[in-house]
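Quick note: the sequence shown uses the numbering used here, first residue 277, plus one each step. We put the CB at the ideal spot given by N, CA and C, even for glycine. Written out below as structure tokens is the structure these notes cover.
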Amino acid sequence: MNRARKVDLLYRRAKGQSMNATQAEVQELARYKVRSGENQRLATKTNIESYVRAVDSGSCKVSFEDYCWNNGKADRRRKGGSEEAIVSERKQQNIGAVFIGWLTWGLALYWLLGGGEGDAGPCAVMGAVISVICYVCARRLAGVTLFILPLVLAVVGYVIH
277 MNRARKVDLL
287 YRRAKGQSMN
297 ATQAEVQELA
307 RYKVRSGENQ
317 RLATKTNIES
327 YVRAVDSGSC
337 KVSFEDYCWN
347 NGKADRRRKG
357 GSEEAIVSER
367 KQQNIGAVFI
377 GWLTWGLALY
387 WLLGGGEGDA
397 GPCAVMGAVI
407 SVICYVCARR
417 LAGVTLFILP
427 LVLAVVGYVI
437 H
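Given below as structure tokens:
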């Protein structure tokens, strides 16, 4: 299947339209992580084409949505779709992940490492870094990576020590 056909089918999937694809085409498109009914501010043919190029070259392993957020790509015709708006929103989200992560991941690391008096500061800093990395790699799983996983690890660390 050529790139234009891939882009057209993935665009249809992102917009929630029927794809009219054969089983072989659907299997070939499985490696592209484009959800049905994708964020309409991100789903443009140009963005999908650049995502397909990145996946085909092997330089991209994240979902389409994460690719757009990480690279500041959106539909500039929509409100909040300029590159500056996307970058600004991404910064705000990352700052939120830092503030949540220093608490949840910091607490988890503190209890996993035994909870000494001088460990709180470094654990909070490491927790902030871990939370931003987890958030950037999988925004859709933010609830799991920012809340559930670190709190489970904190309970396990507390029970162990």
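Assuming contact is defined by CB atoms lying nearer than 7 Å, are residue i and residue j in contact in what I supplied?
i	j	result
S358	R366	no
K349	N370	no
A384	A414	no
W486	G397	Only positions 277 to 437 of the chain appear in this structure, which leaves residue 486 out of reach.
E325	A290	no
Taking the alpha-carbon positions, what's the residue i to residue j distance?
i	j	result
P426	Y434	12 Å
G292	R279	20 Å
R317	I376	26 Å
R311	G392	45 Å
I362	W345	7 Å
S407	G390	20 Å
Q299	G372	42 Å
G394	D332	47 Å
G334	R416	22 Å
H437	Q368	36 Å
L388	V338	29 Å
V432	G419	19 Å
V428	N347	32 Å
A297	E360	36 Å
E341	S364	16 Å
Which residues in the same chain as residue i place their Cβ atom closer than 6 Å to its Cβ, once the five residues preceding and following it in sequence are excluded?
i	result
T320	D351
T421	C410
A330	C336
R354	R317
R288	M295
E301	M277
A400	W378, G382
Can you give me the Cβ contacts of residue i inside the same chain, cut-off strictly under 8 Å, excluding the 5 residues immediately before and after it?
i	result
V328	R279, K282, V283, L286, Y308
Y304	Checking the sequence, you will find Glu at residue 304 rather than Tyr. Around E304: M277, K282.
F423	I376, T380
V374	A404, S407, V408
Please work out which residues of its chain come closer than 7 Å, Cβ to Cβ, to residue i, disregarding the five sequence neighbours upstream and downstream, and give them in chain order.
i	result
Y343	Y327, A330, C336
Y386	D395, A396, C399
Continuous alpha helix (DSSP H) assignments of at least 4 residues falling wholly in the stretch 299-354:
The qualifying runs are 299-305, 321-333, 340-347.
Give the list of continuous beta strand (DSSP E) stretches no shorter than 3 residues that lie fully inside the stretch 386-417.
Listed in chain order, nothing qualifies, since the stretch 386-417 has no complete beta strand (DSSP E) run of 3 or more residues.
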